[in-house]
Amino acid sequence: MTPKTRAIVPVHYAGVACAMDAIMDLARKRGVFVIEDAAQAVNSRYRDRFLGTIGDIGAYSFHETKNFISGEGGAIVINNERFIERAEIIREKGTNRSKFFRGETDKYTWVDIGSSYLPSEIIAAFLYAQLENIYLITQRRREIFEYYADALVPLSERGLLRIPGPVVGGRTNYHLFSVVLEDEGTRNALMDHLKRRGVLAVFHYVPLHTSPMGLSMGYREGQLPVTESISGRLLRLPFYYELTREDQDIVIDGIREFFG
Ligand SMILES: *Cc1c(COP(=O)(O)O)cnc(C)c1O
2 MTPKTRAIVP VHYAGVACAM DAIMDLARKR GVFVIEDAAQ AVNSRYRDRF LGTIGDIGAY
62 SFHETKNFIS GEGGAIVINN ERFIERAEII REKGTNRSKF FRGETDKYTW VDIGSSYLPS
122 EIIAAFLYAQ LENIYLITQR RREIFEYYAD ALVPLSERGL LRIPGPVVGG RTNYHLFSVV
182 LEDEGTRNAL MDHLKRRGVL AVFHYVPLHT SPMGLSMGYR EGQLPVTESI SGRLLRLPFY
242 YELTREDQDI VIDGIREFFG
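Quick note: the sequence shown uses our numbering, first residue 2, plus one each step.
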């Protein structure tokens, strides 16, 4: 943090909570806002609170890769009253149309910047059906997660790969299952091995600070050594609601075969 820091943006990776008590304490002490990137964390908890509802603002994603989807789309959770009115305006193309609909003004007009962030009724209905089944979907994802974890414990005990540890002091939504390999070469070799067996396992984007944009803002490789190390060694296993035991077995057998 520098004197110019205005906000902290914790990312609840894989639906697992950041250390929110420490982050909120620090933010309050320094007088900065907290904006939770809870894109992957819909229905996850930190202690007894839902992720995305702890900071000043939280952002959820309903992108097709997430647990609850509308193709593209998301939601913002506003926990600080001073941001509510402006958020309504920004999502309504920079107009005070929400106020107009509530009868708080006799016509609506353009008052700020904005764009068209409104989901259609059809998209909302598609998403709503999943939210009605939020516990069922989460339960199924939990089974998929635990099946991978149980099967990979022996390889993890032999030190060949790392699997996600238990979540303490909260609850995950089982957004994804990733393994961390010894080094980048091993990760890429395992990925190729699985691909030859028809299994698509992928890693993530490059770390932001080493992206062209990050570099243009003055960041340099080497500044976040843990991020850089993990991003080269991490592999995500196929993970979606309809994934069957049989298909999971193909993934697991492929990994076992790779390690002999
Ligand atoms: C998916 C994701 C986003 C982006 O969400 P969109 O709905 O595509 O805007 C942002 N942050 C994280 C951590 C994500 O996983």
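Beta carbons are placed, not taken as given, at the ideal position from N, Cα and C, and that holds for glycine. Model, not experiment: these values are computed from the prediction.
- Nearest neighbour of Asn-44 by Cα position, chosen from Asn-174, Glu-105, Asn-80, turns out to be Asn-174.
- As a beta-bridge residue in DSSP terms, Asp-38 pairs with Val-12, Ala-60.
- Between the alpha carbons of Glu-122 and His-176 lies a distance of about 26 Å.
- When Ser-179, Ala-125, Ala-15 are compared, the shortest CA-CA separation from Leu-153 is found for Ser-179.
- Proximity annotation: ligand 1 has residues Val-12, Asp-38, Ala-40, Gln-41, Ser-62, His-64, Gly-75 in chain order, each selected because its CB is closer than 6 Å to a heavy atom of the ligand.
- Listed as beta-bridge partners of Thr-96 by DSSP are Trp-111.
- The beta carbons of Ala-190 and Leu-236 sit no closer together than 7 Å.
- CA-CA distance, Gln-131 to Ile-138, rounds to 8 Å.
- Just so you know, the alpha carbons of Leu-238 and Lys-100 end up roughly 46 Å apart.
- The continuous stretches of alpha helix (DSSP H) do not include Ala-20, and DSSP gives it neither H nor E.
- When DSSP states are grouped into helix, strand and coil, Leu-182 belongs to the strand group.
- Look at Tyr-206 here: in three-state DSSP terms it is coil, with no helix or strand label.
- Comparing C-alpha distances from Ile-85 to each of Asp-107, Pro-208, Asp-57, Glu-105 shows the shortest one belongs to Asp-57.
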